[in-house]
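The block underneath contains the structure these notes are about, expressed in structure tokens.
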Amino acid sequence: MKKNYILILVFGFLISCSENNNQNVDFSIVIHGGAGTMEREKMSMDKELEYKKKLEEALNKGYEILENNGSSELAVIEAIKVMEDSPLFNAGKGAVLDERGEASLDASFMSGKNLNAGAVAGVKKIKNPIIAAYSVMKNTPQVLLISEGADQFAKEQGLHMVDNSYFLTERRKAQLLKNKKLGQLKDKKESTSAISKFGTVGCVALDKNGNLSAGTSTGGRSNKKWGRVGDVPIIGAGNYANNNTCAISATGWGEFFIRNVVAHDISSLFEYKKLDIRQAAKVSLEKVKKLGGSGGVIAIDKFGNYAMEFNTKGMYRGVKDSKGNFKVSIFKHD
Ligand code: ASP
Numbered sequence: 192m193k194k195n196y197i198l199i200l201v202f203g204f205l206i207s208c209s210e211n212n213n214q215n216v217d218f219s220i221v222i223h224g225g226a227g228t229m230e231r232e233k234m235s236m237d238k239e240l241e242y243k244k245k246l247e248e249a250l251n252k253g254y255e256i257l258e259n260n261g262s263s264e265l266a267v268i269e270a271i272k273v274m275e276d277s278p279l280f281n282a283g284k285g286a287v288l289d290e291r292g293e294a295s296l297d298a299s300f301m302s303g304k305n306l307n308a309g310a311v312a313g314v315k316k317i318k319n320p321i322i323a324a325y326s327v328m329k330n331t332p333q334v335l336l337i338s339e340g341a342d343q344f345a346k347e348q349g350l351h352m353v354d355n356s357y358f359l360t361e362r363r364k365a366q367l368l369k370n371k372k373l374g375q376l377k378d379k380k381e382s383t384s385a386i387s388k389f390g391t392v393g394c395v396a397l398d399k400n401g402n403l404s405a406g407t408s409t410g411g412r413s414n415k416k417w418g419r420v421g422d423v424p425i426i427g428a429g430n431y432a433n434n435n436t437c438a439i440s441a442t443g444w445g446e447f448f449i450r451n452v453v454a455h456d457i458s459s460l461f462e463y464k465k466l467d468i469r470q471a472a473k474v475s476l477e478k479v480k481k482l483g484g485s486g487g488v489i490a491i492d493k494f495g496n497y498a499m500e501f502n503t504k505g506m507y508r509g510v511k512d513s514k515g516n517f518k519v520s521i522f523k524h525d
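Each residue of the sequence shown is one higher than the one before, starting from 192 at the first, in my numbering.
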């Protein structure tokens with residue numbers, strides 16, 4: 192009798208180990224709402240509070256899921272949804288507009304436990320592109336779907352569809368007008384001015400099972416060329432997750448992040464050069480800067496260490512983890 196009992200205990204222990212071989216790792220969530228040229232003097236107290244409240248709401252949403260044994264996949268999706276639904280950020284409602292005055296959205300999702308990934312680019316009717324990216328990962332053998340095909344796929348999946356006008360806000364229309372004028376002054380080249388504040392949203396999370404996930408969602412860059420796709424839906428550039436290394440979400444001038452394959456570069460620096468996650472993020476952003484680009488990244492490594500690095504004046508960002516870190520910030524010296 193006693194022998195059987197011990198056998199059952201051992202068997203039970205083995206099963207729980209195989210289902211959950213990393214229990215009790217720290218869990219953690221980090222978000223960003225874009226990096227750019229925001230300056231404390233130019234932002235009212237009320238606006239600052241509004242941003243911080245939304246960042247906190249997104250963080251708390253994801254954290255609660257992780258705390259209640261939910262997956263990092265769900266935590267990332269739910270946190271990003273909060274920001275996509277807010278007109279404050281350049282993703283979902285409130286996204287920047289392309290040269291034709293339309294919102295054209297990119298999003299991607301990656302799961303570190305099996306290197307599965309999904310992304311959509313140039314979509315115009317999906318209320319929450321991050322869910323579409325996740326559906327591509329979960330429900331198709333493809334990784335990236337674009338424009339009308341992606342919109343059609345989302346519709347077939349039963350996702351919430353909206354008219355493109357849903358995304359448009361007066362603020363972004365005004366921003367587009369300014370950028371168009373600036374573009375004319377600069378001989379029709381894409382504006383690199385202070386007006387092109389970024390504002391993409393992203394989230395990385397580590398759950399109690401040791402699974403890392405990353406998601407990123409954006410409207411791209413204001414006054415972008417019709418059909419332009421940035422780094423966000425390019426796996427390894429604007430988004431990457433691998434349980435053996437880390438999860439990364441980027442924001443900034445996408446072309447430079449594509450050319451430097453930033454998210455994967457950080458994972459590689461961590462894996463092969465054995466840099467800690469903050470160093471890895473810094474080194475990769477240095478390369479972006481060297482080529483003339485700017486932006487930022489958030490990352491969590493497999494041990495739960497995090498990084499929120501940027502080479503701009505600020506980055507909307509926040510972290511909440513089981514070690515007791517809880518912070519939202521905007522400016523460099525927050
Ligand atoms: N990386 C985005 C893009 O270039 C923009 C951003 O992060 O704000 O599409």
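Just so it is clear, CB atoms sit at the ideal spot from N, CA and C, and this is done for glycine as well.
Residue j beta carbon less than 8 Å from that of residue i
i	j	result
residue 335	residue 312	yes
residue 529	residue 415	Nothing in the structure corresponds to residue 529, since the chain is present only between 192 and 525.
residue 436	residue 492	yes
residue 297	residue 453	no
residue 439	residue 451	no
residue 485	residue 443	yes
residue 504	residue 523	yes
residue 281	residue 349	no
residue 500	residue 473	yes
residue 229	residue 489	no
residue 268	residue 325	yes
residue 285	residue 506	no
residue 301	residue 405	yes
residue 272	residue 321	yes
residue 367	residue 292	yes
residue 338	residue 314	yes
Outcome for residue i when other beta-carbon atoms lying within 10 angstroms are tallied against a minimum of 16
i	result
residue 417	exposed
residue 340	exposed
residue 214	Interpretation of residue 214 is limited by its pLDDT of 40, a score under 50 that renders its predicted location unreliable; the figure taken from the coordinates is listed afterwards. Exposed, by the Cβ-count rule.
residue 310	buried
residue 362	exposed
residue 403	buried
residue 448	buried
residue 219	buried
residue 359	buried
residue 279	buried
residue 236	exposed
residue 515	exposed
residue 232	exposed
residue 332	exposed
residue 259	exposed
residue 295	buried
Proximity test, residue i beta-carbon vs ligand 1 heavy atom, cut-off 7 Å
i	result
residue 358	no
residue 453	no
residue 435	no
residue 402	no
residue 225	yes
residue 444	yes
residue 398	no
residue 228	no
residue 412	yes
residue 297	yes
residue 389	yes
residue 300	no
residue 280	no
residue 349	no
residue 421	yes
residue 522	no
residue 448	yes
residue 313	no
residue 429	yes
residue 486	yes
residue 409	yes
Expected contact under 8 Å - CB spacing of residue i and residue j to nearest Å
i	j	result
residue 266	residue 283	Actually they do not touch by this definition, with Cβ atoms about 18 Å apart.
residue 508	residue 222	7 Å
residue 433	residue 467	Not a contact, Cβ separation roughly 16 Å.
Check: residue i C-beta below 7 Å from any heavy atom of ligand 2
i	result
residue 501	What this structure holds is ligand 1, not ligand 2.
Can you find at least 3 beta carbon pairs, one from the segment 396-413 and one from the segment 455-465, that sit closer than 8 Å? no
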